[in-house]
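What follows is a short report on a single structure.
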Amino acid sequence: MVTGRYDADTSAAGELPPWGKYYQQAIEPSASECRGPAAGDAPLSQKRTVVIVVVVLLLPQAVLGWWSEVRRSQGAGQRIEKKGGGNPASRQFVFGYKLQSTTPTPPGIPAAPAARTLLAGLRVAKSGSGSGYSRAKFPHWETVDGGCNVRTVVLRRDGRGVVVDDECVVTDGRWTSPYDGETVNDASEIDIDHLVPLKNAWIPRTYTRTRPRKNRRRRLTPSHESGASDWDADERRSFANDVASPQLWAVTSSINREKSDGSPDEWLPPVQAFRCVYVESWVRVKSAYRLAVTKDEKETLSTVLESC
């Protein structure tokens with residue numbers, strides 16, 4: 114017996130284990146080996162050497178090929194190609210966020226339980242008239258990323274195969290609008306929507322009379338705090354260009370016009386599967402900027418979140 118050979122007699126079942134037959138074949142001399150090589154046969158050691166060489170040569174290539182496929186699948190839809198080619202800076206991950214193939218992923222979207230907690234903390238107030246609002250009071254599409262403005266940043270983040278020129282102008286790409294599910298290949302057909310509309314944030318505080326105390330004059334108390342009208346220019350600029358929260362979304366121009374300045378009690382995305390993300394994001398932005406909600410707005414938000 115060759116040393117190290119598996120002895121079937123020592124097995125409880127009297128059989129080789131699953132690996133035993135291969136082990137046995139590797140170490141046990143065959144009948145032909147015992148006879149010696151026949152005429153024209155290559156020595157067994159030479160055959161084994163050939164097998165080992167083939168394995169050594171092919172195995173690394175197989176592993177490298179597998180790893181390349183893994184890396185390629187992970188990188189699909191994430192890289193941004195910039196005309197001009199070989200510069201390593203022309204290929205990048207956008208702000209470290211993994212871009213999805215169909216759904217954009219702005220940062221900071223809370224899960225439904227967290228969104229319900231945030232909603233409970235929002236102040237309910239009566240809506241004002243929006244008097245004094247002007248879009249010009251919210252400077253937007255500021256330059257924020259190596260010469261690229263906020264619009265380009267969001268187009269990059271939410272698109273696939275996005276190409277920009279040397280002036281950071283988007284020249285090609287593909288975008289799926291999460292509000293209506295439409296896919297377009299022309300950046301000019303895409304708007305960057307402020308999830309919480311600028312006008313909604315602007316609405317100034319209105320006042321209501323409270324019941325007076327005995328022998329005292331009536332008091333006026335604020336009943337609405339959705340008040341960017343009280344912010345300074347820098348605060349409004351920050352709100353209008355906020356890429357660090359789920360406030361900016363790349364959507365089709367047509368659906369953005371349809372939404373207009375509507376709050377969730379007035380308008381929700383036609384794609385119902387997206388409504389949870391929409392209201393979760395809405396609550397997150399309102400909470401972050403300490404903006405109030407109306408009674409109807411809060412009821413709608415609560416109803417949607419209960420189904421998420």
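Position one of the sequence shown corresponds to residue 114 (my numbering), numbered consecutively onward.
Virtual Cβ for every residue (Gly too), placed ideally from N, Cα, C.
If you reduce the DSSP assignment to three classes, tell me which class Asp306 lands in.
Taking the first residue of the sequence shown as 1, we reach residue 306 at position 193. Of the three classes helix, strand and coil, the one that applies to Asp306 here is strand, per DSSP.
Quick check: does the Cβ of Arg397 come within less than 7 Å of any heavy atom belonging to the ligand FAD?
Absence of the ligand FAD is noted for the structure shown, with no ligands found whatsoever.
What would DSSP say about Asp395, mapped onto helix, strand or coil?
Locating residue 395 in the sequence shown gives position 282, where the first residue counts as 1. Here residue 395 turns out to be Trp, not Asp, going by the sequence shown. Helix at Trp395.
What does the alpha-carbon distance come out to for the pair Arg370 and Asp279?
Reading the sequence shown from its first residue, position 257 is the one you call residue 370. Reading the sequence shown from its first residue, position 166 is the one you call residue 279. Distance between the alpha carbons of Arg370 and Asp279 is about 31 Å.
In three-state DSSP terms, what is Arg287?
Counted from its first residue, the sequence shown places residue 287 at position 174. Residue state, collapsed to three classes: strand.
Apart from the five residues on each side of it in sequence, which residues of its chain come closer than 6 Å, Cβ to Cβ, to Glu295?
Along the sequence shown, one-based indexing puts residue 295 at 182. Correct list, in chain order: Thr365.
Considering Cα atoms alone, identify which of Leu418, Ile316 and Pro291 is closest to Val384.
Position 271 of the sequence shown holds residue 384. For the residues Leu418, Ile316 and Pro291, the minimum Cα distance to Val384 belongs to Pro291.
Can you name the start and end residues of the alpha helix (DSSP H) that Leu268 belongs to?
Locating residue 268 in the sequence shown gives position 155, where the first residue counts as 1. Counting along the chain, the alpha helix (DSSP H) containing Leu268 begins and ends at Val263 to Asp271.
Near Asp285, which residues of its chain fall below 6 Å by C-beta distance, leaving aside the five closest residues on each side in sequence?
Position 172 of the sequence shown holds residue 285. Contacts found: Val276.
Using a threshold of 8 Å, state whether the C-beta atoms of Ile316 and Gly243 are closer than that.
The residue you call residue 316 lines up with position 203 of the sequence shown. The residue you call residue 243 lines up with position 130 of the sequence shown. The answer is yes: Cβ separation under 8 Å.
Which stretch, first to last residue, makes up the alpha helix (DSSP H) that contains Ala228?
Residue 228 sits at position 115 when you count from the first residue of the sequence shown. Ala225 to Ala233 is the span of the alpha helix (DSSP H), which, as asked, contains Ala228.
Whose C-beta lies closer than 7 Å to the C-beta of Ala401 among residues of the same chain, with five residues either side of it excluded?
The sequence position of residue 401 within the sequence shown is 288, counting from 1. Answer for Ala401: Ser358, listed in chain order.
From Gly340, Lys408 and Ala225, pick the residue whose C-alpha is nearest to that of Gly245; which is it?
Position 132 of the sequence shown holds residue 245. Gly245 has its Cα closest to that of Gly340, out of Gly340, Lys408 and Ala225.
If I follow the unbroken alpha helix (DSSP H) through Trp380, where does it start and stop?
Along the sequence shown, one-based indexing puts residue 380 at 267. First-last for Trp380: undefined, no H or E at that position.
Does Val276 come out as helix, strand or coil in the three-state DSSP assignment?
Taking the first residue of the sequence shown as position 1, residue 276 is located at position 163. Val276: strand per DSSP, three-state reduction.
Do you know how far the Cα of Cys281 is from the Cα of Lys399?
Against the sequence shown, residue 399 aligns to sequence position 286. Against the sequence shown, residue 281 aligns to sequence position 168. Looking at the two C-alpha atoms, the distance is approximately 31 Å.
I'd like the list of long-range same chain contacts for Arg349, defined as Cβ closer than 7 Å, with 5 residues on each side in sequence excluded.
Looking up residue 349 in the sequence shown gives position 236. So the list reads Lys250, Phe251 and Ala341, once near-sequence residues are dropped.
Just mark Gly117 as buried or exposed, buried being the case when its beta carbon has 16 or more other beta carbons within 10 Å.
Start at 1 with the first residue of the sequence shown, and residue 117 comes out as number 4. The pLDDT assigned to Gly117 is 42, lower than 50, so where the model puts this residue is not dependable; a value taken from the coordinates is nonetheless given after this. Flag for Gly117 reads exposed.
Does the beta-carbon of Thr289 have 16 or more other beta-carbons within 10 angstroms, so that it is buried, or is it exposed?
As a first step, residue 289 is located in the sequence shown; it is residue number 176 there, counting from the start. The residue is buried, with at least 16 neighbouring Cβ atoms inside 10 Å.
For Thr413, count the other beta carbons within 10 Å of its own beta carbon; 16 or more makes it buried, fewer makes it exposed. Which is it?
As a position in the sequence shown, residue 413 is number 300, starting the count at 1. Thr413 should be labelled buried.
Spell out the partners DSSP gives Val297 in its beta bridges.
Locating residue 297 in the sequence shown gives position 184, where the first residue counts as 1. In the DSSP output, where bridge partners are listed per residue, Val297 has Trp288.
From the DSSP output, in three-state form, read off Ala357 for me.
Sequence index remark: in the sequence shown, residue 357 carries index 244 (1-based). Reduced to three states, the DSSP call for Ala357 is coil.
Cβ of Cys421 within 8 Å of Cβ of Ala227?
Here residue 421 corresponds to residue number 308 of the sequence shown, with the count starting at 1. Here residue 227 corresponds to residue number 114 of the sequence shown, with the count starting at 1. Not a contact, by the Cβ cut-off of 8 Å.
Per DSSP, which one or two residues make a beta bridge with Val406?
Residue numbering aside, residue 406 sits at position 293 when the sequence shown is read from its first letter. Val406 pairs with Val237.
Mapping DSSP to helix, strand and coil, what is Trp315?
Reading the sequence shown from its first residue, position 202 is the one you call residue 315. In the structure shown, Trp315 sits in a helix (DSSP, three-state: H, G or I).
Report yes if the C-beta distance between Trp362 and Pro219 is below 8 Å; otherwise report no.
For this step, residue 362 is matched to residue 249 along the sequence shown. For this step, residue 219 is matched to residue 106 along the sequence shown. The answer is yes: Cβ separation under 8 Å.
For Leu268, which option in Ala300, Trp380, Val390 and His253 has the closest C-alpha, if you only look at C-alpha atoms?
Within the sequence shown, numbered from 1, the residue matching residue 268 stands at position 155. Of Ala300, Trp380, Val390 and His253, the residue nearest in Cα terms is Ala300.
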